[in-house]
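Below is one structure; the comments refer to it alone.
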Amino acid sequence: NGSTICLDKGYHPCAALPGYEMYYFTILAGLSQRSLIQYFQPTHAYQIETIPGIKDMVAKFK
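The numbering of the sequence shown is my numbering, which starts it at 16 and goes up by one.
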């Protein structure tokens, strides 16, 4: 429907139900620099190997 939301802080996971598509766009901005290295919770780290493209994406930010 074209709706957009802004979350200015905190943990904000995203999910799409089966049969639906989702586009997740993130803009990072701030007054200081910090690393863009992703953190995967140990219980979900297996997804680095199972989701196509994730491992390559993570490698680009190290």
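Cβ atoms here follow ideal geometry from the backbone N, Cα and C, with glycine treated the same way.
Excluding the five sequence neighbours on either side, which residues of its own chain have a C-beta within less than 7 Å of the C-beta of residue 29, listed in chain order? 37 and 39
Is the distance from the Cβ of residue 66 to the Cβ of residue 73 below 8 Å? no
Tell me the DSSP secondary structure of residue 57 in three-state form. helix
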